[in-house]
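Undergrad: Numbering (the working numbering), first residue to last: 21 to 366.
Glycine residues also receive a C-beta, built at the ideal position from the N, C-alpha and C atoms.
Predicted, not measured: the structure shown is a model, and the values here were computed from it.
Next up is a structure, given as structure tokens.
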């Protein structure tokens with residue numbers, strides 16, 4: 021493990037060198053008045069001072085649509101593995117935490133080789149938040165900073181970046197940074213100040229309990245009126261699912277080509293707020309009501325997934341769902357605080 025400091029000009033030169041390698045480089049770029057992860061072509065286009073991206077980097081570890089196998093009708097099939105070498109540059113800590121959660125989930129039970137092979141070919145360059153977004157609440161979820169899951173972590177200390185390289189991949193990248201010097205005690209103090217500030221400041225919506233209390237809270241809230249009250253305004257559009265960095269549900273379909281002889285099996289993002297998400301054979305829908313789907317989303321984040329990953333809450337406080345929901349009902353903090361205020365806890 022090494023911690024170095026590079027000037028911003030030196031880092032820009034590093035990004036240019038990185039673009040000259042065989043790896044695909046993904047970076048945060050401005051799209052009108054928004055920000056998005058996209059393939060980076062020029063170091064000048066990279067923005068590490070962004071507030072939040074429209075979609076999280078989930079789309080690179082778990083693509084919106086992914087071929088799983090190819091087949092011949094009535095004949096053979098062959099697994100398809102799509103795992104190109106890739107660097108994802110500019111990932112905020114809360115999004116790193118989300119990827120860490122998916123790494124654990126996709127390695128459990130039936131080990132998902134499609135996900136894990138892709139993940140092993142991805143290098144993550146994270147960066148501490150410079151500009152808080154209008155709906156972020158990562159401080160409430162203890163995800164404003166992170167200490168694992170990245171190959172490099174950049175912290176903006178004014179005229180330079182402190183660069184933490186805890187992995188072999190990260191250390192190999194540092195060797196590409198001409199002029200990198202060992203971080204001084206003063207540099208490390210500046211990094212500490214940035215991170216301590218973010219642990220408090222990334223909190224536009226204050227959760228009125230510790231995240232670890234949410235599973236216990238939800239044990240008493242299954243029939244709470246908040247589910248119906250919120251769901252009355254729900255469009256079942258699934259926007260909250262699609263922008264969420266921790267949602268990983270998918271649907272699997274077979275598709276036959278026009279030749280009627282070959283085809284592929286693919287998986288594509290799905291979402292528990294969508295009307296037919298819980299529809300099974302015989303057209304039976306076991307979560308037909310909107311309030312049931314709305315409640316399921318909150319339980320999934322606050323109780324069901326935590327039981328699979330050691331209690332860690334499957335909401336990282338990025339605030340994307342709050343911004344995406346035109347009905348203004350998707351804010352998990354608002355829901356959980358309402359339950360806290362109106363539920364008698366023993």
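Run through DSSP, which three-state label would residue 307 get?
TA: By one-based count along the chain shown, residue 307 stands at place 287. It is coil, neither helix nor strand.
Undergrad: Restricting to Cα atoms, I'd like to know which of 103, 225, 351 and 203 is closest to residue 247.
TA: By 1-based counting over the chain shown, the position of residue 247 is 227. Here the closest residue by C-alpha is 351.
Undergrad: Look up residue 72 in the DSSP assignment and say whether it is helix, strand or coil.
TA: Taking the chain shown and counting its residues from 1, the one referred to as residue 72 is at position 52. Residue state, collapsed to three classes: coil.
Undergrad: Which residues in the same chain have their Cβ closer than 6 Å to the Cβ of residue 305, if we skip the five residues on either side of it in sequence?
TA: The residue given as residue 305 occupies position 285 in the chain shown. Once the five neighbours on either side are set aside, the close Cβ partners of residue 305 are 298 and 299.
Undergrad: What runs of the beta strand (DSSP E), each 3 residues or longer, lie entirely inside the segment 136 to 185?
TA: As far as the segment 136 to 185 is concerned, its whole beta strand (DSSP E) runs of at least 3 residues are 142 to 147, 172 to 176 and 180 to 185.
Undergrad: Out of 167, 245 and 143, which has the shortest C-alpha to C-alpha gap to residue 44?
TA: As a first step, residue 44 must be located in the chain shown, where it is residue number 24. Minimum Cα distance to residue 44 is reached at 143.
Undergrad: Please state the DSSP three-state secondary structure of residue 61.
TA: Along the chain shown, read from residue 1 onward, the residue named residue 61 stands at position 41. Of the three classes helix, strand and coil, the one that applies to residue 61 here is coil, per DSSP.
Undergrad: By Cβ distance, which residues of its chain are closer than 7 Å to residue 289, with the 5 residues on each side in sequence left out?
TA: On the chain shown, residue 289 is found 269 positions in, with the first residue counted as 1. If we look at residue 289 and ignore the five residues flanking it on each side, its Cβ neighbours are 84, 262 and 270.
Undergrad: Within 10 angstroms of its Cβ, does residue 272 collect 16 or more other Cβ (buried), or is it exposed?
TA: Position 252 of the chain shown, counting from 1, holds the residue named residue 272. When all chains shown are included, residue 272 counts as exposed.
Undergrad: Looking at residue 242 and residue 31, is the spacing between their C-beta atoms short of 9 Å?
TA: The sequence position of residue 31 within the chain shown is 11, counting from 1. The sequence position of residue 242 within the chain shown is 222, counting from 1. Going by C-beta atoms, residue 31 is not nearer than 9 Å to residue 242.
Undergrad: Run the CB neighbour count on residue 121, radius 10 Å, all protein chains shown included, and call it buried at 16 or more, exposed below.
TA: Taking the chain shown and counting its residues from 1, the one referred to as residue 121 is at position 101. Residue 121 is buried by the Cβ-count criterion.
Undergrad: Enumerate, from N- to C-terminal direction, the unbroken alpha helix (DSSP H) stretches of 4 or more residues contained entirely within the segment 215 to 266.
TA: Entirely contained in the segment 215 to 266, the alpha helix (DSSP H) runs reaching 4 residues are, in chain order, 234 to 239, 246 to 251 and 259 to 263.
Undergrad: Would you report the Cα separation of residue 231 and residue 160, rounded to the nearest angstrom?
TA: Here residue 231 refers to the residue found at position 211 of the chain shown. Here residue 160 refers to the residue found at position 140 of the chain shown. Distance between the alpha carbons of residue 231 and residue 160: 7 Å.
Undergrad: Report yes or no: do the segment 151 to 159 and the segment 221 to 235 share at least 3 C-beta pairs separated by less than 8 Å?
TA: The segment 151 to 159 vs the segment 221 to 235: in contact.
Undergrad: Under three-state DSSP, which class holds residue 88?
TA: Translated into positions along the chain shown, residue 88 becomes position 68. It is a strand residue.
Undergrad: Is it a yes or a no for the segment 67 to 87 touching the segment 106 to 121, going by three-plus beta-carbon pairs under 8 Å?
TA: Touching, yes, given that three or more Cβ pairs across the two stretches are closer than 8 Å.
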